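Here's the structure, in structure tokens; my notes come after.
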Amino acid sequence: MTGLEHLAIVGTGLVAGLLTSTVGVASLVSFPVLVALGIPPVVANASNTVGLIPAGLGGSLGYRRELREQPQVTWYVVLTCAIGSIGGAVLLLALPPGVFESIVPWLILFTCLTVGAQPWISKWLRSRKPHDIEPRLTMSPITTLFAGVTGVYGGYFGAGSGVMMMAVLGLGLDLELRVVNALKTLAVLAANVVAGLIFLFVADLDFTAIGLLAAGSIVGGYAGAHVGRVLPPTLLRILVVLAGIIAAVAML
1 MTGLEHLAIV GTGLVAGLLT STVGVASLVS FPVLVALGIP PVVANASNTV
51 GLIPAGLGGS LGYRRELREQ PQVTWYVVLT CAIGSIGGAV LLLALPPGVF
101 ESIVPWLILF TCLTVGAQPW ISKWLRSRKP HDIEPRLTMS PITTLFAGVT
151 GVYGGYFGAG SGVMMMAVLG LGLDLELRVV NALKTLAVLA ANVVAGLIFL
201 FVADLDFTAI GLLAAGSIVG GYAGAHVGRV LPPTLLRILV VLAGIIAAVA
251 ML
């Protein structure tokens, strides 16, 4: 790769890091750039996963105040996504490329619309159980299950997994959106770390691309956490929905 291509990957990592900590569609920016630069798709996918680990790390450090507010949920998210991502990484290495291409765009579209409708859905659910006035601050079995499934997807491909995690946690827990965003960023980190460790041992990787992505993404992830914290909840929700729709249309 040329010097300009190196700069392009660093810039892509910076943007991907910002997206990791805000709207959660980082791979839809970074993965196509790696492929456009001539890296084979499976190698680009695995390298992208490893290269974006610093984005989740920087974002999680930036959101550390929010994560301390819900330590039990934080650990549940880490464990469920880490375990799920093992299955996703195995699927990526075992299945032919493109197996999930037909369903993933619709899944992203559904989950981003769920994020948009979450306030009304939550209000309706509470109205069905007026006696249950206690806020939901712990992971239920069904929320844990869907968080784990999102971890599987994160380990397999991951594009839009942040949007999916926001939908799962937004419906399953009564938390402020800034806290949900922090948990989503940590979930992406957990899935990428576990899948990335597997890829380091058994997958073909482009270490130049990984290093360049990492350099940009750690800065972008940390900066994105500060942006995500100050965004009004309604605006953040709108941006997540728009990002998810664009992602789904692009994949279709």
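Here my numbering is used: the first residue of the sequence shown is 1, the next is one more, and so on. We put the beta carbon where it would ideally sit given N, CA and C, even for glycine. Treat the numbers as computed from the prediction; the structure is a model and nothing was measured.
- Under 8 Å by Cβ, that's how I've got L205 and A46 pegged, so tell me the actual separation to the nearest angstrom. Here residue 205 refers to the residue found at position 205 of the sequence shown. Here residue 46 refers to the residue found at position 46 of the sequence shown. With 8 Å as the limit, L205 and A46 qualify as a contact, their Cβ atoms being about 6 Å apart.
- Item | T20 - containing alpha helix (DSSP H), residue span | Indexing the sequence shown from 1 puts residue 20 at position 20. Residues 3-21.
- Hey, could you find the ends of the alpha helix (DSSP H) E69 is sitting in? If you number the sequence shown from 1, residue 69 lands on position 69. Looking at the DSSP string, the run of the alpha helix (DSSP H) that includes E69 is 64-69.
- Below 8 Å on the Cβ atoms is my guess for G56 versus V149; work out the distance and round it to an integer in Å. On the sequence shown, residue 56 is found 56 positions in, with the first residue counted as 1. On the sequence shown, residue 149 is found 149 positions in, with the first residue counted as 1. Rounded, the Cβ-Cβ distance is 19 Å, inconsistent with contact.
- Note down the Cα distance separating L169 from T114, rounded to an integer number of angstroms. Working through the sequence shown from its first residue, we reach residue 169 at position 169. Working through the sequence shown from its first residue, we reach residue 114 at position 114. Looking at the two C-alpha atoms, the distance is approximately 11 Å.
- Message: Relative to the C-alpha of G196, which candidate in P54, A248, T144 has its C-alpha closest?
- Response: Along the sequence shown, one-based indexing puts residue 196 at 196. Nearest C-alpha to G196: P54.
- Pull up the CB-CB distance for A82 and G151, whole angstroms please, since I reckon it's below 8 Å. Counting from one through the sequence shown, the residue named residue 82 turns up at place 82. Counting from one through the sequence shown, the residue named residue 151 turns up at place 151. Rounded, the Cβ-Cβ distance is 7 Å, consistent with contact.
- When the Cβ atoms of the segment 231-243 are set against those of the segment 64-78, are three or more pairs found closer than 8 Å? no
- Item | CA-to-CA distance, L28 to P96, given in whole angstroms | Position 96 of the sequence shown holds residue 96. Position 28 of the sequence shown holds residue 28. Each residue's Cα considered, the two are about 20 Å apart.
- Message: Considering Cα atoms alone, identify which of G228, P233, I238 is closest to G58.
- Response: Your numbering for residue 58 matches position 58 in the sequence shown. Ranking G228, P233, I238 by Cα distance to G58 puts G228 first.
- Under 8 Å by Cβ, that's how I've got V163 and T111 pegged, so tell me the actual separation to the nearest angstrom. Position 163 of the sequence shown, counted from the first residue, corresponds to residue 163. Position 111 of the sequence shown, counted from the first residue, corresponds to residue 111. Sure, about 5 Å apart at Cβ, within 8 Å.
- Item | Residue burial classification, S140 (beta-carbon count within 10 angstroms, cutoff 16) | Stepping through the sequence shown from its first residue, residue 140 is reached at position 140. Burial call: exposed.
- For A191, I'd like the list of residues in its chain whose CB is within less than 6 Å of its CB, leaving aside the five on either flank, ordered along the chain. Locating residue 191 in the sequence shown gives position 191, where the first residue counts as 1. Cβ within range, chain order: C81, S85, G151, G154, G155.
- Message: Using the three-state DSSP reduction, which class does F146 fall into: helix, strand or coil?
- Response: Taking the first residue of the sequence shown as position 1, residue 146 is located at position 146. Of the three classes helix, strand and coil, the one that applies to F146 here is helix, per DSSP.
- Task: Report the residue ranges of all alpha helix (DSSP H) runs contained in full by the segment 142-204; include only those spanning at least 4 residues, in chain order.
- Result: 161-172, 177-202
- Query: Would DSSP call S217 helix, strand or coil?
  - Reply: In the sequence shown, the residue the question calls residue 217 occupies position 217. Of the three classes helix, strand and coil, the one that applies to S217 here is helix, per DSSP.
- Query: Helix or strand or just coil, what does DSSP make of R136?
  - Reply: Here residue 136 refers to the residue found at position 136 when the sequence shown is read from its first residue. Reduced to three states, the DSSP call for R136 is coil.
- Item | Extent of the continuous alpha helix (DSSP H) to which V42 belongs | Working through the sequence shown from its first residue, we reach residue 42 at position 42. That run of the alpha helix (DSSP H) goes 41-51.
- Task: Return the Cβ separation of K184 and G24 in integer angstroms, given the expectation that the two are a contact with Cβ distance under 8 Å.
- Result: On the sequence shown, residue 184 is found 184 positions in, with the first residue counted as 1. On the sequence shown, residue 24 is found 24 positions in, with the first residue counted as 1. So it is a contact: roughly 6 Å between Cβ atoms.
- Task: For A248, name the three-state secondary structure that DSSP assigns.
- Result: Taking the first residue of the sequence shown as 1, we reach residue 248 at position 248. Helix.
- Give me the Cα-Cα distance between Y63 and P32, rounded to the nearest whole angstrom. The sequence position of residue 63 within the sequence shown is 63, counting from 1. The sequence position of residue 32 within the sequence shown is 32, counting from 1. Cα-Cα distance, rounded: 28 Å.
- Message: In this structure, how does DSSP classify L231 when only helix, strand and coil are distinguished?
- Response: As a first step, residue 231 must be located in the sequence shown, where it is residue number 231. In the structure shown, L231 sits in coil (DSSP, three-state: anything other than H, G, I, E or B).
- Less than 8 Å separating the beta-carbons of V50 and F199? Within the sequence shown, the letter at position 50 stands for residue 50. Within the sequence shown, the letter at position 199 stands for residue 199. Against a cut-off of 8 Å, the Cβ pair of F199 and V50 comes out as a contact.
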